[in-house]
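Undergrad: Quick note: this note's numbering has the sequence shown finishing at residue 807, numbered continuously throughout. One structure is given below, represented as structure tokens, and several questions about it will come after.
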Amino acid sequence: MILTITYTKPPATDLGYLLYKNPSRPQTFSLNHGKAHIFYPEATKERCTVVLLLDIDPIDLARGKKGFSGDGGLFDYVNDRPYVASSFLSVAMSRVFGTAMSGKCKDKPELAEMELPLQAKIMMLPCKGGEEIIYRLFEPLGYKVTVEGYMLDEKFPEWGQSRYYTVSLEGEVRLQDLLNHIYVLIPVLDSEKHYWVGEDEIDKLLQHGEGWLANHPEKGLITGRYLKRKKSLVNQALKRLLEESGVTDDEDEQEESSQQEENEKKLNLNQQRLGTVVAVLKSVNAKRVIDIGCGEGKLISLLLKDKSFEQITGVDVSYSVLERAKDRLKLDRLPEMQRKRINLFQGSLLYRDKRFSGYDAATVIEVIEHLDENRLKAFEKVLFKFARPQTVIVSTPNKEYNLHYQNLFEGDVRHRDHRFEWTREEFETWAVKVAGNYGYNVRFVQIGEDDDQFGSPTQMGVFTL
Ligand code: SAH
């Protein structure tokens with residue numbers, strides 16, 4: 343696997359000083375399970391790129407010097423580890439770029455402190471949970487993120503996409519921050535580690551996360567995955583992060599919280615769900631978005647903050663809910679330019695409506711479970727046949743996960759107004775059928791804490807024409 347870092351401010355060869363690696367001298371470092379090679383494919387005044395090429399020895403790995411299943415099965419020999427960016431790459435980074443990661447630079451200390459125009463490219467990054475997570479993790483850190491996906495096998499397109507991506511990051515950052523972001527987030531995206539995770543991992547996470555993790559909107563996900571969801575470690579880490587961010591009170595809005603919100607609060611699921619929706623919308627470059635069943639307009643207010651969404655429309659069947667949305671969005675007080683981007687109207691997704699047409703994307707978030715199951719057919723036609731946006735995002739609770747909520751028993755639903763709740767299989771069967779009927783492709787995203795057996799609390803289908 344390969345990591346490249348490119349610096350573009352003349353004299354770009356300063357990158358060599360920052361990394362303590364001479365551009366004219368390739369070097370090789372021996373690691374536990376292979377070798378790390380450092381070289382510069384380009385080193386001019388305008389542009390300088392360093393490559394970290396990690397060459398893992400699969401046999402060495404399998405013989406189990408450290409890590410891996412250790413049961414000697416075929417998996418030990420046939421797996422993706424030698425070919426993908428994983429915790430092995432993070433370990434290699436700290437070995438070869440350790441000084442730069444700590445922010446030291448003997449020859450040009452002022453450069454190490456400066457935000458510089460830098461690009462990084464991580465090739466073959468395994469990503470558990472779909473490419474949206476890549477955006478959710480890197481965009482809040484200020485990067486322009488580009489993601490390239492791969493098919494499992496070009497000869498068999500029906501097998502679908504693989505879970506490997508090439509990720510490019512571009513931004514004005516300190517080199518030390520760029521390296522630390524990548525160091526922490528690679529194993530988070532991969533959701534694996536090749537070594538035992540104990541208490542010392544908390545210190546490592548907090549050290550490399552200093553200055554950015556405490557206020558990252560996905561710090562729960564990052565901490566959870568980095569510490570391999572070991573509850574006691576995760577709790578300790580989150581507590582220390584909270585101290586670092588200086589927030590002591592839970593500042594969650596104290597609005598009338600419904601039963602569902604009460605149940606989901608501890609995960610802050612709503613925020614994660616909406617964050618994912620925004621990330622998906624951005625990844626498909628949607629400019630005109632209609633949110634059907636918009637409720638109080640939480641998604642709309644998020645979209646409003648991002649200039650790339652030019653037209654944002656909210657629809658709900660309930661008049662009083664729309665009134666509350668207007669208040670929340672402070673519609674009357676918005677400057678003209680902002681006001682013009684928003685349109686709210688009362689309507690039902692069970693009836694064909696011309697006003698639903700002409701959008702790049704439609705979102706239907708936590709709404710279908712409020713419909714009678716026998717009315718779903720009407721909804722399918724209204725949206726997929728007549729409105730027919732390029733992208734449709736539908737989310738709904740995953741019933742299997744309900745057993746995690748202390749006050750829910752088997753067979754209960756999360757909210758008294760839910761007419762039904764589906765297992766992952768039920769939702770996916772429905773979605774694949776709808777996609778097939780109307781000529782869409784569909785892929786699935788799980789949102790929230792991920793349980794090996796029961797999946798995540800929210801499931802989402804992303805349909806594209
Ligand atoms: N999407 C919002 C709200 C979800 S609650 C969020 O994620 O926070 C479900 C919303 O769907 C409610 O506001 C309800 O009024 C609306 N709704 C229910 N049936 C509807 C229908 N037939 N057409 C449009 N909206 C509907």
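For each residue, glycine too, the CB sits at the ideal point set by N, CA and C. Note that the structure is predicted; figures quoted are calculated from it, not measured.
(1) For Ala621, which of helix, strand or coil comes out of DSSP?
(2) Use the C-beta contact count for Tyr782: other C-beta atoms within 10 angstroms, 16 or more gives buried, fewer gives exposed.
(3) For Met802, decide whether its Cβ has a neighbour in chain B, counting only Cβ atoms nearer than 9 Å.
(4) So what's Asn779 in DSSP terms, helix, strand or just coil?
(5) Among Tyr362, Gly797, His523 and Gln578, whose alpha-carbon lies nearest the alpha-carbon of Lys741?
(6) From the DSSP secondary-structure annotation, give me the bridge partner or partners of Leu396.
(7) Using only the alpha-carbon positions, how far apart do Thr508 and Val426 sit?
(8) DSSP puts Trp764 in a beta bridge; with which residues?
(9) Per DSSP, which one or two residues make a beta bridge with Gln801?
(10) For Lys546, is the beta carbon positioned less than 8 Å from some heavy atom of the ligand SAH?
(11) Just reading off the alpha helix (DSSP H) that Lys682 is part of, what are its end residues?
(12) Looking at the structure shown, is Phe480 part of a helix, part of a strand, or coil, going by DSSP?
(13) In this structure, what does DSSP give as the bridge partners for Thr391?
(14) Return the CA-CA distance between Lys682 and Gln653, expressed in angstroms with no decimal places.
(15) How about the region 621 to 636 and the region 697 to 708: do they share at least three Cβ pairs that are nearer than 8 Å?
(16) In or out: Phe327 buried (at least 16 other Cβ within 10 Å) or exposed?
(17) Suppose only complete runs of 3+ residues qualify. What are the beta strand (DSSP E) ranges in the region 679 to 723, listed by chain order?
(18) Relative to the C-alpha of Thr488, which candidate in Glu512, Thr806, Leu467 and Arg505 has its C-alpha closest?
(19) Run the CB neighbour count on Met802, radius 10 Å, all protein chains shown included, and call it buried at 16 or more, exposed below.
(20) List the residues that DSSP assigns as beta-bridge partners of Ala462.
(21) Say yes only if the C-beta of Leu709 is nearer than 8 Å to one or more non-hydrogen atoms of the ligand SAH, and no if none qualify.
(22) Quick check on the burial criterion: 16 or more other C-beta atoms within 10 angstroms. Buried or exposed for Leu807?
(23) According to DSSP, is Ser444 helix, strand or coil?
(24) Applying the criterion that 16 or more other CB atoms from any shown protein chain within 10 Å of the CB defines a buried residue, is Pro799 buried or exposed?
(25) Going by DSSP in three states, Leu361 sits in which element: helix, strand or coil?
(26) Give the straight-line distance between the Cα atoms of Gly551 and Asn577, rounded to the nearest whole angstrom.
(27) Look up Ile634 in the DSSP assignment and give the residues it is bridged to.
(28) DSSP three-state label for Val433, please.
(29) Can you look up Phe410 in the DSSP assignment and give me helix, strand or coil?
(30) Note the first and the last residue of the continuous beta strand (DSSP E) segment covering Glu490.
(31) How many Å lie between Val784 and Thr733 at the Cα?
(32) Val626: which of Glu543, Leu725 and Phe651 sits nearest, CA to CA?
(33) Only counting the same chain, and skipping five residues up and downstream in sequence, which positions put a Cβ closer than 6 Å to that of Glu722?
(34) Mind checking which residues open and close the beta strand (DSSP E) that includes Leu373?
(35) Decide yes or no for the touch test of the region 458 to 471 against the region 523 to 534: beta carbon pairs closer than 8 Å, at least 3 of them.
(36) Do Gly617 and the ligand SAH come close, with the Cβ less than 8 Å from some heavy atom?
TA: Here's the rundown:
(1) To locate residue 621, count along the sequence shown from 1; it is residue 279. Correct three-state label for Ala621: helix.
(2) Within the sequence shown, numbered from 1, the residue matching residue 782 stands at position 440. The residue in question, Tyr782, is buried, as its Cβ has 16 or more Cβ neighbours within 10 Å.
(3) Note that chain B does not occur in the displayed structure, where there is just one protein chain.
(4) In the sequence shown, the residue the question calls residue 779 occupies position 437. It is helical.
(5) Here residue 741 is taken as the residue at index 399 of the sequence shown, counted from 1. Closest by alpha carbon: Gly797.
(6) Here residue 396 is taken as the residue at index 54 of the sequence shown, counted from 1. Answer is Ala378, bridged to Leu396.
(7) As a working note, residue 508 is residue 166 in the sequence shown. As a working note, residue 426 is residue 84 in the sequence shown. Approximately 10 Å between the Cα atoms of the pair.
(8) Residue mapping note: residue 764 aligns to position 422 of the sequence shown, counting from 1. Answer is Asn740.
(9) Here residue 801 corresponds to residue number 459 of the sequence shown, with the count starting at 1. Partner(s): Thr738 and Gln788.
(10) Here residue 546 corresponds to residue number 204 of the sequence shown, with the count starting at 1. Lys546: no, Cβ never under 8 Å from the ligand SAH.
(11) Counted from its first residue, the sequence shown places residue 682 at position 340. Start and end: Glu678 to Arg683.
(12) Here residue 480 refers to the residue found at position 138 of the sequence shown. Helix.
(13) Numbered from its first residue, the sequence shown carries residue 391 at position 49. DSSP lists Thr348 and Glu384 as partners of Thr391.
(14) Here the question's residue 682 lines up with position 340 in the sequence shown. Here the question's residue 653 lines up with position 311 in the sequence shown. Each residue's Cα considered, the two are about 8 Å apart.
(15) yes
(16) Residue numbering for the chain in the displayed model covers 343 to 807; residue 327 lies beyond these limits and cannot be assessed.
(17) 684 to 688 and 703 to 707
(18) Within the sequence shown, the letter at position 146 stands for residue 488. The shortest C-alpha separation from Thr488 is found at Glu512.
(19) Residue 802 sits at position 460 when you count from the first residue of the sequence shown. So Met802 ends up on the buried side.
(20) Taking the first residue of the sequence shown as position 1, residue 462 is located at position 120. Paired residue(s): Ile347 and Leu511.
(21) On the sequence shown, position 367 is the one that residue 709 refers to. A small fix is needed here, since residue 709 is Val in this sequence, not Leu. Yes, the ligand SAH has a heavy atom inside 8 Å of this Cβ.
(22) Looking up residue 807 in the sequence shown gives position 465. Exposed, by the Cβ-count rule.
(23) Taking the first residue of the sequence shown as position 1, residue 444 is located at position 102. In the structure shown, Ser444 sits in coil (DSSP, three-state: anything other than H, G, I, E or B).
(24) Here residue 799 is taken as the residue at index 457 of the sequence shown, counted from 1. Its Cβ being crowded by 16 or more others within 10 Å, Pro799 is buried.
(25) For the purposes of this step, residue 361 is identified with residue 19 of the sequence shown, where counting begins at 1. Correct three-state label for Leu361: helix.
(26) Within the sequence shown, residue 551 is the residue found at index 209, counting from 1. Within the sequence shown, residue 577 is the residue found at index 235, counting from 1. Approximately 16 Å between the Cα atoms of the pair.
(27) Within the sequence shown, residue 634 is the residue found at index 292, counting from 1. DSSP lists Val657 as partners of Ile634.
(28) Here residue 433 refers to the residue found at position 91 of the sequence shown. Of the three classes helix, strand and coil, the one that applies to Val433 here is helix, per DSSP.
(29) Stepping through the sequence shown from its first residue, residue 410 is reached at position 68. With a pLDDT of 48 at Phe410, under the threshold of 50, the modelled position of this residue cannot be trusted, and the question is left open.
(30) Stepping through the sequence shown from its first residue, residue 490 is reached at position 148. Segment Lys486 to Met493, the beta strand (DSSP E) holding Glu490.
(31) Looking up residue 784 in the sequence shown gives position 442. Looking up residue 733 in the sequence shown gives position 391. Taking the straight line joining both Cα atoms gives about 10 Å.
(32) Indexing the sequence shown from 1 puts residue 626 at position 284. Checked all of Glu543, Leu725 and Phe651; the closest Cα to Val626 is Phe651.
(33) What you label residue 722 is simply residue 380 of the sequence shown in a count that begins at 1. Answer for Glu722: Val776, listed in chain order.
(34) Residue mapping note: residue 373 aligns to position 31 of the sequence shown, counting from 1. That run of the beta strand (DSSP E) goes Gln369 to Leu373.
(35) yes
(36) The count along the sequence shown starts at 1 and reaches residue 617 at position 275. Gly617 Cβ: outside cutoff for every heavy atom of the ligand SAH.
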